[in-house]
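In my numbering, the protein residues as written are 34 to 342.
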């Protein structure tokens, strides 16, 4: 009788230390992008003026939120999948059909999150070119075309998802791929051609897309590719910092909301610190004298440079 010897290390032991830092970054950057873009969307939507003037920026915040959510879900799911391999010793057992990867919700959301911000940024760039070349007609052109531009970005994402699922389930659905189910392995090399649109946007979006396609012709370490891919999600968080530092309308709206929300919160906190209740009818001045705290609205600062939507 033949005796089968299993490797000393399980798949989990071989992979965990290698993939944990990468997918932890997925979770970290994804969570950061989700929080930043929820806050940015709230600020823009809370002002009628910003809602009217910055429609594409609002769409970009939503698209970046989706991108962050995709990375967050992917990081959690992939780490969870690795933890299920503690009793698996044969690496060949970890290959599954591509169509199973293509149907995973986090991969579908990843397609939208990768493509939607890139297309919106491209449209914003074209809008800036029109503003410079046709300054007298720009306002009228923007008012008439913005709804169609937003619709185009939605349509492009829908087409990307459709193509991805088509290539991943019908064209090449039976191919065996590694169980980690990256976007490239889930939807095939042919789908990588649709990522070329991102080259026309910004470097942080273009570089990961270019590497995904170059990988077809040149050997690229999967771990390096994974870390570079994090640039997708990191860029989704940078828009919030740019808005806070350089967009006067955005910053002004933050201060407006702060004036509404922070003083009541400060008063509740000071009452607890001073040990008083509403029935004691203590004034704000009395509370400040006891707690020695400054009024939160007096600590505001203003950015030094401004841009508009």
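All C-beta atoms in this analysis are idealised placements derived from N, C-alpha and C, irrespective of residue type, glycine included.
Residue i vs residue j beta-carbon contact at 8 Å
i           : j           : result
residue 102 : residue 60  : no
residue 131 : residue 197 : no
residue 56  : residue 112 : yes
residue 89  : residue 179 : yes
Same chain, Cβ closer than 6 Å to residue i, neighbours up to 5 away in sequence not counted
i           : result
residue 219 : 134, 135, 140 and 201
residue 303 : 320 and 324
residue 146 : 99, 100 and 103
residue 209 : 128
residue 346 : The shown model of the chain, from 34 to 342, leaves out residue 346, and the question about it has no answer.
Residue i to residue j span [Cα, whole Å]
i           : j           : result
residue 176 : residue 215 : 40 Å
residue 114 : residue 107 : 10 Å
residue 93  : residue 149 : 8 Å
residue 158 : residue 125 : 47 Å
residue 316 : residue 290 : 23 Å
residue 322 : residue 308 : 14 Å
residue 43  : residue 97  : 37 Å
residue 143 : residue 52  : 19 Å
residue 237 : residue 151 : Legend: pLDDT at residue 237 = 46, less than 50; position of this residue unreliable, value from coordinates given subsequently. If you take the alpha carbons of residue 237 and residue 151, they lie about 10 Å apart.
residue 84  : residue 295 : 23 Å
residue 54  : residue 48  : 11 Å
residue 74  : residue 327 : 29 Å
residue 306 : residue 67  : 33 Å
residue 165 : residue 80  : 26 Å
residue 199 : residue 62  : 29 Å
Under the three-state DSSP convention, the category residue i falls into
i           : result
residue 121 : coil
residue 212 : coil
Residue burial classification, residue i (beta-carbon count within 10 angstroms, cutoff 16)
i           : result
residue 310 : exposed
residue 191 : exposed
residue 186 : buried
residue 118 : buried
residue 193 : buried
residue 184 : exposed
residue 167 : exposed
residue 203 : exposed
residue 188 : exposed
residue 181 : exposed
residue 213 : buried
Same chain, Cβ closer than 8 Å to residue i, neighbours up to 5 away in sequence not counted
i           : result
residue 82  : 282
residue 301 : none
residue 110 : 137 and 139
Neighbourhood of residue i by C-beta distance below 7 Å, restricted to the same chain and skipping five residues each side
i           : result
residue 163 : 171 and 174
residue 71  : 98
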